[in-house]
Every structure is written in structure tokens, then in C-alpha cells.
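Chemist: Provided herewith is a single structure, encoded as C-alpha cells, for subsequent inquiry.
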Amino acid sequence: MKKEKKHKKPKSMAYRNAVTGYLFTLPFIIGFIMFLLVPMFQSLRMAFSDVVFQDGITYDFIGLDNFKYAFTVDPDFYPNMIAELIQMAYSVPSIIIFSFFIAIVLNQQFKGRGLVRAIFFLPVILSSGVLVGLETNNSLMAGLKDVIAETSNLTSITDTVKKMILPEGVTIGPIMYVFDAVDQVYDIAIASGIQIIIFLSGLQTISPSMFEAAKIEGATAWETFWKITFPMISSLILVNVIYSIIDFFLKTDNEVMDLIKQTMVSKVEYGLSSAMAWTYFAVVAVIIGVVSAIISKKVYYYE
Amino acid sequence: MNKILNKSKIKRKEKNESFHNVRERNKLSNGYFMKRKIGNGIFKFARGVMLFGLCFLILQPLLSKISVSFMLERDLYDATIINIPRNFTTSNYERASMLMNYPRSIVSTLWVSLVVALVQVASTTLVAYGFARYKFPGKNLLFGAVILSIVIPPQTILTALYLNFRYFDFFGIISLFGGKPVNLLNSIWPYIMVSAGAMGLKNGLYIFMLRQYFRGIPKELEEAAYVDGCGKLKTFLVIMLPDARPMLTSIFLFSYVWQWTDTFYSSLFLRKFGLLSNAVSGLGDGLTTYIQNISNRTELPSIAYQQAIISTGMLMVIAPLLIIYLVAQKGFVESLAQAGIKM
Numbered sequence: 683m684k685k686e687k688k689h690k691k692p693k694s695m696a697y698r699n700a701v702t703g704y705l706f707t708l709p710f711i712i713g714f715i716m717f718l719l720v721p722m723f724q725s726l727r728m729a730f731s732d733v734v735f736q737d738g739i740t741y742d743f744i745g746l747d748n749f750k751y752a753f754t755v756d757p758d759f760y761p762n763m764i765a766e767l768i769q770m771a772y773s774v775p776s777i778i779i780f781s782f783f784i785a786i787v788l789n790q791q792f793k794g795r796g797l798v799r800a801i802f803f804l805p806v807i808l809s810s811g812v813l814v815g816l817e818t819n820n821s822l823m824a825g826l827k828d829v830i831a832e833t834s835n836l837t838s839i840t841d842t843v844k845k846m847i848l849p850e851g852v853t854i855g856p857i858m859y860v861f862d863a864v865d866q867v868y869d870i871a872i873a874s875g876i877q878i879i880i881f882l883s884g885l886q887t888i889s890p891s892m893f894e895a896a897k898i899e900g901a902t903a904w905e906t907f908w909k910i911t912f913p914m915i916s917s918l919i920l921v922n923v924i925y926s927i928i929d930f931f932l933k934t935d936n937e938v939m940d941l942i943k944q945t946m947v948s949k950v951e952y953g954l955s956s957a958m959a960w961t962y963f964a965v966v967a968v969i970i971g972v973v974s975a976i977i978s979k980k981v982y983y984y985e
Numbered sequence: 004m005n006k007i008l009n010k011s012k013i014k015r016k017e018k019n020e021s022f023h024n025v026r027e028r029n030k031l032s033n034g035y036f037m038k039r040k041i042g043n044g045i046f047k048f049a050r051g052v053m054l055f056g057l058c059f060l061i062l063q064p065l066l067s068k069i070s071v072s073f074m075l076e077r078d079l080y081d082a083t084i085i086n087i088p089r090n091f092t093t094s095n096y097e098r099a100s101m102l103m104n105y106p107r108s109i110v111s112t113l114w115v116s117l118v119v120a121l122v123q124v125a126s127t128t129l130v131a132y133g134f135a136r137y138k139f140p141g142k143n144l145l146f147g148a149v150i151l152s153i154v155i156p157p158q159t160i161l162t163a164l165y166l167n168f169r170y171f172d173f174f175g176i177i178s179l180f181g182g183k184p185v186n187l188l189n190s191i192w193p194y195i196m197v198s199a200g201a202m203g204l205k206n207g208l209y210i211f212m213l214r215q216y217f218r219g220i221p222k223e224l225e226e227a228a229y230v231d232g233c234g235k236l237k238t239f240l241v242i243m244l245p246d247a248r249p250m251l252t253s254i255f256l257f258s259y260v261w262q263w264t265d266t267f268y269s270s271l272f273l274r275k276f277g278l279l280s281n282a283v284s285g286l287g288d289g290l291t292t293y294i295q296n297i298s299n300r301t302e303l304p305s306i307a308y309q310q311a312i313i314s315t316g317m318l319m320v321i322a323p324l325l326i327i328y329l330v331a332q333k334g335f336v337e338s339l340a341q342a343g344i345k346m
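Here it is as C-alpha cells:
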């Protein structure tokens, strides 16, 4: 191509595509910078300083004092965070197993499947935002329930079964886990709406010819499950684990979240609340990183 | 008469024959046929029982709320009344409606949610399409930013966001021209801006889902459009959007429903609008104040009564969503299940 004609040379396809790509994603770029990146840096700055409101805002740099306070002085932050982490380690595996199981059942053909599916996805609506908070935040009511349960000699079925099969005082880890999960089955069912949808969509992308071939070769249902269904859906297990962890940490009735908000709104300690939020975020990020690193090694990608 | 008898005879005969058929088939298969049939029957029965139980478990809180909401206060303490109220009343609804300022708040929630959901769907669709179809430098980094916006707890940036809108200044442009920062709180603008920047509630998730969906649509469609001389924006609007309609509907519903029940952003930006979610979260305290006011500060509402009012309020908040869900349920669930969300 001659040099003097350069100004007339049409831009390359790749260049034009890149420009269009930027134009399409422009809302996100602006939004990300304005409403996430800038506030993130501001809150990081707050976490390291003492925020004073006098004729506007002034930040006094105080180093790690806010973090020290959150961990050593504040009576609620550290214990609450540990409690939430333990609770998460409990509930995420049960949510994954439960939603996987339900997705497999809902993928079968039976009468009234549409209705059952609709009911299982209902929690997506019912357990969102303010509603879940109202349901669980009422400690008075919970206390009343405990008292009623104690005085009226009502025992749950799981307790009875536990007494039947386990001798007094014996606790075996995995069995206790199952019992706890059964006790919490309502919470688990409520928390797994989206996960069921994701698994279901994955199950529907597996081509039926695979199952057919396996059947012709004489594979049992058990083998088909472990050799076809499970590997084909393993990438979605990763997605769901990450989603469940995030969902658990961001729930409205999460105690640490509540504490962070309380510190900001009622105590007006912006620095401390930012420090808590950042600590919490760092912990969540580390957990997600570790978990996804472990799981993605086992994930099978079908190409 | 005879005819009917004949018919039933024929039917019985057919049945007998089919029974013979089953027995014969069972014999021929060395008992495998029967075993399988019984096994299937047991499996179906167990599945039915389990699904019924779980469905009941999910619906039970809703049903018990409905029954409580129609009870008089004394019915709540009566141990002989379990589910069906003896003194049927709608007074709970009247009181909850008064305390939440229901007619006003439902109208403002309706339009705020509608506007926000529309803006969010528009912006996330654009962004998702850009990510799905175009290659540009820094794309992976930007998509990492999308993931970050899903992962980061909104509480981390809550404070800064609040202050940003309290003293709003678009990249310092306003003060550059000698203006003062504007207080945008308690107007809908902050939320519109956040939504337009695809940074609203769970918008990262929507981008992710839409991107997967767009990637699943064959590229040939657009190429054909380009060959025929269709511009890029027009291709997107005329070819891609109609194709993605089921997914767009789902995203719209998600956004609408989650906005409806959200307290995080609405208590931050939209306090004065009297949205339903804010109203219902203040319902318990509102009832206490109200009872104290009418009884000259001598009485407190009983816990059970407070619960009944809160349940009624929650039902009133959920009701419109349930209606939408019942209408749109089929398309909603099926489109999500068939979207093929893959990593």
C-alpha cells in the first residue's frame, strides 16, 4: 500500500471490532470506575484512617489501628466471623448435594413436573432481600419457640432417630453432619433455588445419545451417573460452589454483614466499618480462590 | 344394556389378555420384566412422596402465614385452633396496610422497580453482547472486573458510595465550572446511574448469564446480516435481541423481583420514596409506636400479634410478585433451564 494514500486506507476489521466492543461495554467501564473502583479506593483509604465529619470529611491516617481494634477490642467481629465461616463450611456442601439431587429428579419425566419445578424455584422470590431478614431476625420469636419446644416435651424426628441408632453420648462426625443437614433442610431448600436452575440447565445440555450408547453397552444407572452425568456437570459444580459461597456471605441475615452496617449507621464509625468490610472481603476472596483452585483441578471439560 | 355388558366383557377380556401378556412376557424374560416393573413403581412412589414432602416444606411457611393473617388476636393463643381461623377477619390487613401506607408505597415500588429493571436490562444486555461477540484488548481484564463486581460485598463500598452521592461531583467536572457538589440522595438519580453503569444489585450475574446466552447463538446469523449490509447496532437490535427474548424476560423478572425486595440499595438511596421493602422492615417498630400512641404509652403489642402483623405485611409485599410469578412462571423457568449456562 502506498504511503500517500494512508489517510484513505480503511481501518482494519480487528480495529473496528475492537472499537465496537469498547462501545458496547462502555456502560460497564464507566459504571465500574465510578461506582466500584473509586468507592473501593475511598473505602480502602477510610479503613486506614480516622474519618471525621467537620465541614466536609477529613481523613487522618492512623495505619492499622482500625484493623487492630476490629480484631482485639471489638467483642462481636472476630467471633461472629469465625461462626459464619464454620456455618458456611457446613451449609455449602449440603446445598450443592441437595440441589444436584433435586435437579436430577426434576430433569426426569413425570406428571406435574412443571408445578413441582415452579414450587422449587419459588424460594428465588421468597428468600430474597428483606423477606429472609424478617424471617430470621426475630430473635424474640426464636426464643419463644425454644421455650415451647422445651416445655411441651416435643422432640424432633431427627432427635428420636438419633437416639435410636446412636448410643448415648457418641458423636461420629459424618453421621452428625447428616443429622444437622436434615434438621436444616428447610434452610437448604430455600437457599438452593438458583443452584437447581444452573444444574438443570447443565443436565439438559448433555446429549441423550451418550446415555443411549451407555445403555446399549449395558451400563447400569449407577455407572451412567458416575461416568457420564457427573463429569459432564462437574464444571457447573464449580460455578455453583462459588455462587453458594458468595450468596452465603452476602445474605441479608449474615451477622458480619449486619455488624458492618450497624457500625456504620448507628455508631458512625466509618473507618472501623470499612476495615471490617475489607477484612471480610479478603477472607471471602481467599476462600473462593482456594476452593476454586481445588475444584477446578478435578473439573472435566468436554470439548 | 346388553351392549354395555358386552363392552365391559370385551374390556375384561382385553384386560385378561394383557395380563396374560404380562405373565408371558415375565416368563420369557426370566422374571426380569416383573422385577423391573415393581422396581420402577417403588421408585416412582418414593420420588412422589419425597417431592410432595419437599414441596410442602417450601410452601408451609407461606400457608401458615396466610392462615395467621386472617386470625383475630385471640385466635393466636387458642391452642385448639391450628390452621383455620375461627374468627375470620381482615383487620390484620387493614392495620398492616395503614402502617405501611400500602396504596402509596405499592405504587412507588411498582414504578421504581420497573424503571430500574428496564435500565438494568438495557445496560447489562449491551455489555454482555460486547463481551460475547467482540474481541478487544483488555477484554479478559474487563471480564475479571465483572467477576469482581459479583464477588465484592456491597457493604465494602457502601460508605464510599453513600458519601459519593451525598456530595456528587461527576469526576470533578461540576466544581471545575465553579458549581457546588450536589446532594443526590433521596432522588431516583443515583440508582438510575448505578443501574445504567451495570453496577446495580447482582448485575454482574446478569451480564454473565446473558453473555453465555449470546455465545450460544450461532454467529452465522449476524454474518448473514453483515453481508446484507446491516450495521452493527442494527444487527444487534434487529437480529440478536429478538433471539434473546426468553433470556431477556428472565433477566427482567429477576431484576424486577430482586429490586422489589431489596433493602440494601433502597434504604441507602431511596429512603424517602416509602418503598415496600423499607416499609415492611419497619413494620414491627411501627406497630409498637402505633399501639403506644393509641393506648397512651401503657401497652405493648404482644409478640404473637406483632408476628401476625409482620406476616400479613410480608404477604402483602409478596402478593404482587406471586401473581407475576404465576403468570410468567412457565417461560421463566423453562428459559432459564434451557439457557445452557456453561463455564
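Chains A and B, in that order, give the protein sequences. Start counting the first sequence at 683; every next residue gets the next number (my numbering). Start counting the second sequence at 4; every next residue gets the next number (my numbering). The beta-carbon is built from N, C-alpha and C at its ideal position, and this holds for glycine as well.
State the DSSP-derived secondary structure class of SER731(A), mapped to helix, strand or coil.
Modeler: Strand, per DSSP.
Chemist: Quick one: what's got a C-beta closer than 8 angstroms to LEU788(A)'s C-beta in the same chain, skipping five residues either side?
Modeler: Once the five neighbours on either side are set aside, the close Cβ partners of LEU788(A) are ARG795, VAL798, ARG799, PHE802, ILE878, LEU882.
Chemist: Report the three-state DSSP secondary structure of VAL981(A) (helix, strand or coil).
Modeler: Looking at VAL981(A) - three-state DSSP - the assignment turns out to be coil, as it is neither helix nor strand.
Chemist: Which residues in chain A sit within 7 angstroms of THR162(B), going by Cβ to Cβ distance?
Modeler: Those within 7 angstroms of THR162(B) in chain A are SER725, MET728, MET946, TYR952, SER955, SER956.
Chemist: How many Å lie between TYR229(B) and TYR268(B) at the Cα?
Modeler: Approximately 41 angstroms, taken between the alpha carbons.
Chemist: Buried or exposed for LEU273(B), please, with buried defined as at least 16 other CB atoms from any protein chain shown within 10 angstroms of its CB.
Modeler: Buried, because 16 or more other Cβ atoms sit within 10 Å of the Cβ of LEU273(B).
Chemist: For VAL49(B) and ASN43(B), what's the separation of their Cα atoms in angstroms?
Modeler: For the sequence presented, residue 49(B) should be read as Ala rather than Val. Each residue's Cα considered, the two are about 10 angstroms apart.
Chemist: For THR93(B), is the classification buried or exposed, using 16 other Cβ atoms within 10 angstroms of its Cβ as the cut-off for buried?
Modeler: Burial call: exposed.
Chemist: Determine which residues share a DSSP beta bridge with VAL185(B) and list them.
Modeler: Per DSSP, PHE171(B).
Chemist: Can you tell me the Cα-Cα spacing of TYR697(A) and GLN215(B), whole angstroms?
Modeler: So the alpha carbons of these two residues sit roughly 24 angstroms apart.
Chemist: Please classify SER821(A): is it buried, with 16 or more other beta-carbons within 10 angstroms of its beta-carbon, or exposed?
Modeler: The predicted position of SER821(A) is uncertain, since its pLDDT is 49 and thus under 50; a value taken from the coordinates is nonetheless stated next. SER821(A) should be labelled exposed.
Chemist: Can you list, in chain order, the residues of its chain whose CB lies under 6 angstroms from that of ALA201(B), leaving out five sequence neighbours each side?
Modeler: Excluding positions up to five away in sequence, the list reads SER126, THR127, VAL130.
Chemist: Could you check the C-alpha separation between LEU57(B) and LEU708(A) for me, to the nearest Å?
Modeler: Going from the Cα of LEU57(B) to the Cα of LEU708(A) covers about 45 angstroms.
Chemist: Roughly how many angstroms lie between the CA atoms of ASN256(B) and PRO245(B), to the nearest whole one?
Modeler: Correcting the residue identity first, residue 256(B) is Leu in this sequence and not Asn. Between LEU256(B) and PRO245(B), the C-alpha separation is close to 17 angstroms.
Chemist: State buried or exposed for ALA967(A), treating a residue as buried only when at least 16 other CB atoms are found within 10 Å of its CB.
Modeler: ALA967(A) comes out exposed.
Chemist: Between which two residues does the alpha helix (DSSP H) carrying THR252(B) extend?
Modeler: Unbroken alpha helix (DSSP H) run through THR252(B): 248 to 264.
Chemist: Rounded to the nearest angstrom, what separates SER948(A) and ASN699(A) at their Cα positions?
Modeler: So the two alpha carbons sit approximately 50 angstroms from each other.
Chemist: In chain A, which residues lie with their C-beta within 9 angstroms of the C-beta of GLY232(B)?
Modeler: What GLY232(B) touches in chain A: nothing, since even the nearest Cβ is about 15 angstroms away.
Chemist: What are the residues of the stretch 689 to 713 of chain A that lie near chain B, defined by any Cβ-Cβ distance shorter than 9 angstroms?
Modeler: Within the stretch 689 to 713 of chain A, the residues whose Cβ lies closer than 9 angstroms to some Cβ of chain B are ALA696, ARG698, ASN699, ALA700, VAL701, THR702, GLY703, TYR704, LEU705, PHE706, THR707, LEU708, PRO709, PHE710, ILE711, ILE712, GLY713, listed in chain order.
Chemist: In chain B, what lies closer than 7 angstroms to PHE770(A) by C-beta?
Modeler: Going by the sequence as given, residue 770(A) is Met instead of Phe. Here the premise fails: no neighbours, minimum Cβ distance about 14 angstroms.
Chemist: Between the Cα of THR945(A) and the Cα atoms of TYR751(A), ILE711(A), PHE723(A), which residue gives the shortest distance?
Modeler: The residue with the shortest Cα to Cα distance from THR945(A) is TYR751(A).
Chemist: Could you give the DSSP three-state label for ASN819(A): helix, strand or coil?
Modeler: Low per-residue confidence applies at ASN819(A): pLDDT is 48, beneath 50, and the placement is therefore not dependable, though the value from the model is reported in the following sentence. Looking at ASN819(A) - three-state DSSP - the assignment turns out to be coil, as it is neither helix nor strand.
Chemist: Would GLN638(A) and PHE930(A) be called neighbours here (beta carbons separated by less than 9 angstroms)?
Modeler: Outside the modelled stretch of chain A, which goes from 683 to 985, sits residue 638(A), for which no answer is possible.
Chemist: Name, please, each residue of chain A whose Cβ falls closer than 7 angstroms to the Cβ of ALA120(B).
Modeler: Simply none; closest approach about 14 angstroms.
Chemist: Does the Cβ-Cβ distance between TYR308(B) and LEU65(B) come in under 9 angstroms?
Modeler: Contact flag unset, no.
Chemist: Return no unless some Cβ of chain B is closer than 9 angstroms to the Cβ of GLY796(A).
Modeler: It does; some Cβ of chain B falls within 9 angstroms.
Chemist: Pairing CB atoms from the stretch 248 to 255 of chain B with CB atoms from the stretch 102 to 117 of chain B, are three or more of them under 8 angstroms?
Modeler: With a cut-off of 8 angstroms, the stretch 102 to 117 of chain B and the stretch 248 to 255 of chain B do not count as touching, because too few Cβ pairs lie within range.
Chemist: Measuring CB atoms only, is the stretch 204 to 212 of chain B touching the stretch 146 to 157 of chain B, in the sense that at least three cross pairs come out at less than 8 angstroms?
Modeler: Yes, the stretch 204 to 212 of chain B touches the stretch 146 to 157 of chain B.
Chemist: With DSSP run on the structure shown, which of helix, strand or coil describes ASP78(B)?
Modeler: ASP78(B) falls in the helix class under three-state DSSP.
Chemist: Given a limit of 7 angstroms on CB to CB distance, which residues of the stretch 110 to 140 of chain B reach chain A?
Modeler: Residues passing the 7 angstroms Cβ filter: SER126, LEU129, VAL130, TYR132, GLY133, PHE134, TYR137, LYS138, PHE139, PRO140.
Chemist: Nearest chain B C-beta to VAL634(A) closer than 9 angstroms, yes or no?
Modeler: Nothing can be reported for residue 634(A): it is not among the residues displayed for chain A, which extend from 683 to 985.
Chemist: Tell me which same chain residues have a C-beta within less than 8 angstroms of the C-beta of ILE927(A), skipping the five on either side of it?
Modeler: Hits under 8 angstroms: MET770, VAL774, VAL966, ILE969, ILE970, VAL973.
Chemist: According to DSSP, simplified to helix, strand and coil, what is ILE970(A)?
Modeler: Here ILE970(A) sits in helix by DSSP.
Chemist: For the stretch 182 to 203 of chain B, which residues have a CB atom closer than 8 angstroms to at least one CB atom of chain E, in sequence order?
Modeler: Among the protein chains in the structure shown, which are A and B, there is no chain E.
Chemist: Quick check: the Cα distance between VAL701(A) and ALA959(A), rounded to an integer number of angstroms?
Modeler: Using only the alpha carbons, I get a separation of about 37 angstroms.
Chemist: Should TYR983(A) go down as buried or exposed, given a rule of 16 or more other Cβ atoms within 10 Å for buried?
Modeler: Label assigned to TYR983(A): exposed.
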